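**Student:**
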Amino acid sequence: MKLRAAIASIVLLVSVAACGGAEQGPVTLRMTTWSANEAHVRLFNQIAADYIKAHPDVTIKFDALPVDTYTTTLTTQIAGGNAPDLAWILEGSAPDFVSSGALAPVDDAIENPSELAPSATALWKQDGKLIAYPFSTSPFGVFVNTDLLTQAGQKLPTGADWTWDNAIAVAAATAAKTGKQGLVPRDFDYKDWTNLAPIFDGWGAQAWSDDGKTCGFDQQPMIDAMTFIHQAIFTRKAIPGPGVAADFFAGESAMTITQISRASLLKDGKFTWALVPLPAGPKGTYSVIGQGGVGVLKQGKHVDAAKDFLKFFTGDANSAKLAQFFPPPRTPQLTADTLARSNPLLSKEQLQSVVIDGIANGVVKPSHANNAQISQAVRAALDPLWTADAEVPAVLKGVCTAIQPVLAK
Amino acid sequence: MTRAIKRQDRLTAYAFIAPQLAGTVAFVLIPLVLVAWYSLHEWNVLANTFTFSGVDNYRQLAEDPTVPRVLRATLLFSAGLVIVNLSLALLLAVLLNQKLRGTTVFRVLFFSPVVVSLVAWTIVWRFMLQDNGGINSFLDAVGLDGPNWLRSGGTAMAAVIVVQVLKNVGLNMVLFLAALQGVPPELYEAARTDGANAWTVFRRITLPLISPTILLTSIITVVGSLQVFAQIAVLTEGGPGTSTTVLVYYLYQQAFQFHAFGYGATLSVLLFLIVLALTVVQWQLRKRWVFHES
Amino acid sequence: MRAKTTAYGILLVLCVPFVFPTWWMVTSSLKPNADIFGRSLWPSHVSFAAWHDVFTMQPFARQYLNSAYIAVVVTLGTLVVASMAGYAFARIRFRGQNALFLVVLSGLLIPSEVTIVPLFRIFNSLGLIDTHWPLILVPIFGAPSVLATFIMRQFFITLPVELEEAARMDGLTRAAIFRRIALPLARPALGAVAIFTFLTSWNLYLEPIVYLSSKSMFTLPQALTQFTDPYQGQLWNVQLSAASMTAIPVLIVFVIAQRQFIEGLAHTGLKG
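Residue numbers (UniProt numbering), protein chains in the order written: chain S, 1 to 409; chain G, 1 to 294; chain H, 1 to 272.
1) Who are the Cβ neighbours of Ala172/S in its own chain at under 7 Å, not counting the five residues just before and after it?
2) Going by alpha carbons, who is nearest to Ala280/S out of Val142/S, Gly202/S and Met31/S?
3) Keeping to the same chain, check which residues put their C-beta closer than 7 Å to that of Ala408/S; ignore five residues upstream and five downstream.
4) Show which residues of chain S have a CB atom less than 7 Å away from the CB atom of Pro185/G.
5) Any residues in the segment 70–88 of chain S with a beta carbon nearer than 8 Å to a beta carbon of chain H? Which ones, in chain order?
6) Should Val45/G be flagged as near chain H, meaning a C-beta pair shorter than 7 Å?
7) Tell me where the beta strand (DSSP E) around Asn145/S begins and ends.
8) Compare the C-beta of Gly142/H with all C-beta atoms of chain G and state if any pair is closer than 7 Å.
9) Going along the chain, which residues of its own chain have a beta-carbon closer than 8 Å to the beta-carbon of Gly241/S, five neighbours each way excluded?
10) Shorter than 7 Å from the beta carbon of Lys271/H to some beta carbon of chain S?
11) Relative to the alpha-carbon of Asp56/G, which residue among Ala156/G, Tyr263/G and Val201/G has its alpha-carbon at the smallest distance?
12) Exposed or buried, Ser209/S, counting other C-beta atoms within 10 Å across all chains shown (16 or more means buried)?
13) Please state the DSSP three-state secondary structure of residue 326/G.
14) Check whether chain S comes within 7 Å of Ser216/H, counting only Cβ atoms and requiring the distance to be less than that.
15) Taking Cβ positions, are Thr236/G and Thr242/G nearer each other than 7 Å?
16) How about Val234/G and Ala247/H: do their beta carbons lie closer than 7 Å?
17) Buried or exposed for Gln231/G, going by 16 or more other Cβ atoms inside 10 Å?
18) Between the segment 272–281 of chain G and the segment 187–206 of chain G, do three or more beta carbon pairs fall short of 8 Å?
19) Residues of the segment 87–106 of chain S with a CB closer than 8 Å to any CB of chain H: list them in chain order, please.
20) Measuring straight from C-alpha to C-alpha, what distance separates Gly21/S and Asp85/S?
21) What residues of chain H sit near Tyr38/G, judged by a beta carbon separation below 7 Å?
22) Any beta-carbon of chain S closer than 7 Å to the one on Pro240/G?
23) For the beta strand (DSSP E) that contains Glu42/G, what are its first and last residues?
24) As a quick exercise: from Thr76/S, Phe135/S and Ala263/S, pick the residue whose alpha carbon is nearest that of Pro344/S.
25) So Ser138/S packs on Gln259/S, CB below 8 Å; how close in whole Å?
26) Given this structure, state the Cα-to-Cα distance separating Gln232/H from Thr194/S, to the nearest angstrom.
27) Does Phe325/S come out as helix, strand or coil in the three-state DSSP assignment?
28) Taking contact to mean 3 or more Cβ pairs, one atom from each stretch, closer than 8 Å, check whether the segment 190–205 of chain H and the segment 78–88 of chain H are in contact.
29) Closer than 9 Å, Cβ to Cβ, to anything on chain S: give me those residues from the segment 257–276 of chain G, in chain order.
30) Near Pro147/G, what residues of its chain come up, given a Cβ to Cβ distance below 7 Å and the 5 sequence neighbours on each side ignored?
31) From Glu23/S to Gly292/S, what does the alpha carbon distance come to, in whole angstroms?
32) In its own chain, which residues sit with a C-beta less than 6 Å from the C-beta of Trp149/G, not counting the 5 before and 5 after it?
33) With a cut-off of 8 Å, do at least 3 Cβ pairs link the segment 103–110 of chain G to the segment 184–199 of chain G?
34) Would Arg2/H be called buried (16 or more neighbouring beta carbons within 10 Å of its own) or exposed?
35) In the structure shown, what three-state DSSP assignment does Trp42/H receive?
36) Please state whether DSSP places Val116/G in a helix, a strand or coil.
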């Protein structure tokens, strides 16, 4: 008798567990992000609250993970059977997520898909289907602490004089005079080398060929670009060396290269600042964009509910709100006037020159399938470069030796 | 003893060992079989597939240009650790074995890092080994220009070894101290009357008599050195380059950072074989090397 | 006399790298972030701001509790499992004794790092990822407790037979002999096992970072490395404050019971 009861309860349990996928009753959606920025989180929660008004049985949780280990943590959660319902995806790992089938196609979950700029969605499509929505297409620009420059008697070069050579010279001089740091390539920290792309793209350098099969580190443009960066660090002392922390937004450096979504960090800035496009490199003017996509995970528990929220989150109205931090992929919203309404910190000129022109002509930061493995291999092989007496061409050749087998796969 | 009591004893014994036995089977032996099985598979987390891939992972192991470097780093680390650890432990034990007042205090001080949380200890050292950190600023004060310890190949490995030795050398020190105190004083007196100097006494009498302890501690230290993970993860993340990427760290990277679980399992098999080989070698050595009085 | 002075001199110099880091950890955590890289051995003015930040930046109290309760449960569990198994292997004759002992000893030969990938998959299929179960079950029953069993067996082997025979005369069962006679005598061995099991659990790093992914589930060692602002790099004084809070309580207990700690740990062979 007891045994039969036990079997019955097990059967019951199993059937309950099996039915877990059916969407009935209250649903909690979890979205992983890499921004714990208060202003960002406040906006997300506000959008979620608007959604919940119409869907009282849904709760939405934003789970901010540290950006430097974001993809690893997300993948571990998926491996651990704890996949979020929606996730932000960094451009670097876009090929991995798009091609693996981990994400559910979202064509039917996007309002007015014809508005999306093709340059914004290129990375996120497979076989004509949109796999993730590029909620942020954020160009890199240079933020300048004009107070520090004035203090050091330096002037920010403009027009044709705004070149890498001059930028580094001003950064070096300001650092030397003020005792602060010069130019900080943000989030590089001698680890995430993809954040050097805003510099080396100015030399026309590529990490690998467009088809992703041939290493580009040992090519002349990359050698020239890395030689320039190496000198900027060790000879001209314009870029802080390994292990030296300096936060531009706390007033510790003259300039920083970063995406414009960081402008919100200047909200209560204690210094005057400027935002300018990337300086011209030997190959002329250019721009680089970083992208963030948001997708629905097939292994999540509430795929349909997640898609429905995605439609709301990325719709015209909310896209306009998100635009104050994350430049949207919707072409009607990509005008200086529209953006200016939600970006009180930036002038129309800044928005036009850095954001709109940047998105129109920008090259996306490097990405490749097997991203984690390749990035780590490049990072390890680049390490010898970060000493004063490094032989740049030899180190870069070493990078290619390390990654060519994986690229060729 | 009656048969009933014997039977009852037996049942008690089985009941007593059951939890440990079940645990060993479930958490050690079955996983060991599984690790070999997984090494023949590819588990793609994003695509949610688990497919048989034959010897692909082993082929990758043979061709992976990083593996020889990882093995070299592992060897360098283990050898460096054992040599520095045992010599320092022996030196400390000999010093503490002098009949000095206050040796208890010194013993406590040398031992204290053993009980300091491992990650806390490593974080402090990382802090002190920064380019502008405590060590370089003290070197600076005496007019020396210290290197960027954790960012250049040679010094990073040395730093990892030294930090680990300082953490745990107290254990070996205490074992050596006990061994030293077990050497009969008559032997020393006899040697001195024969006119032997201190070094000769140490080499001819002390060292052979404590050789069993040296062997024991070297076994523990070598096997322990193969398992070092937190120190590497916190101090250097395996860098600069791959210079401090030891096998366990590489295994972790492949399995849990790159999510190449199949290849990670293959590296686990390699780690197991190394530990197994070491154990066999040490049993052989034990027969030949250890001093026997008879 | 000169030899003595030399010995003291060497001992004092050698002491520095052992003691200084702990000193530096605590004093630097009390310095304001601006002069954290300063050379002064004592903060110019003591600031507990970073100690406070530890609790606002992460659920540190919760993480502290996680580490503490896991270590206590693992220690108690290991004591039970290992003393029973150790006693049975040492004092009772039964069929298959040697073979089973060898099976158990395999746990000593196979480092837990080797089996971490399959264990991850096993706990994953049981839905126990991001729970504390793997950190509790594996140490109590798996490879880490085998060393404890081995130590307990070595101890019980040395117990005089007469004690047990006398108890037999009084009609005690095996289980009663174990509980009332053998276990109380084993207090030193139990103490040693308890100390090293607690410290091993308290220090565990690889397993937590593999199994746990949400901050409120983290254990201390894992939490210590998370005091970084993704936009501002290392927050040294906060990290060092958290490290101090992790290290100091154990150090205090150590100083009070130094003899038990040193003898216990040295003779149980904690990892080199």
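Using N, Cα and C, we set each Cβ at its ideal position, and we do this for glycine too.
These numbers were taken from a predicted model, which means no experiment stands behind them.
**Tutor:** Well, looking at it:
1) Gly182, Arg236, Lys237 and Ala238
2) Gly202/S
3) Closer than 7 Å at the Cβ level, and outside the excluded window around Ala408/S, lie Lys213.
4) For Pro185/G, there are no C-beta contacts with chain S under 7 Å, since the nearest C-beta of that chain is about 53 Å from it.
5) Thr73, Thr76, Gln77, Ala79, Gly80, Gly81 and Asn82
6) no
7) Tyr133 to Asn145
8) yes
9) Ile233, Phe234 and Trp386
10) With a pLDDT of only 43 at Lys271/H, under 50, the local geometry of the prediction cannot be trusted, and the value read off the model is given with reservation. False, the Cβ-Cβ gap to chain S never drops below 7 Å.
11) If we check each option's Cα against that of Asp56/G, Tyr263/G comes out closest.
12) exposed
13) In the structure as shown, chain G begins at 1 and stops at 294. Residue 326/G is therefore absent and cannot be evaluated.
14) no
15) Taking 7 Å as the Cβ cut-off, Thr236/G and Thr242/G do not qualify as a contacting pair.
16) no
17) Buried is the call here.
18) no
19) Residues passing the 8 Å Cβ filter: none.
20) Note that Gly21/S scores 42 on pLDDT, short of 50, meaning its location in the model is unreliable; the coordinates nonetheless yield the value given after this. Each residue's Cα considered, the two are about 12 Å apart.
21) Val117 and Pro118
22) Answer yes: the Cβ-Cβ gap between Pro240/G and chain S drops below 7 Å somewhere.
23) His41 to Asn44
24) Ala263/S
25) 4 Å
26) Here the model assigns Gln232/H a pLDDT of 47, short of 50, so the residue's position is not dependable and the matter cannot be decided.
27) coil
28) yes
29) Hits within the stretch, in order: Gln257, Phe258, His259, Ala260 and Phe261.
30) Thr155
31) Note on Glu23/S: pLDDT 45, under 50, position unreliable in the model; no value is reported.
32) Closer than 6 Å at Cβ, skipping near neighbours: Leu129, Thr155 and Ala159.
33) With the cut-off at 8 Å, the segment 103–110 of chain G and the segment 184–199 of chain G do not touch.
34) exposed
35) coil
36) Coil, per DSSP.
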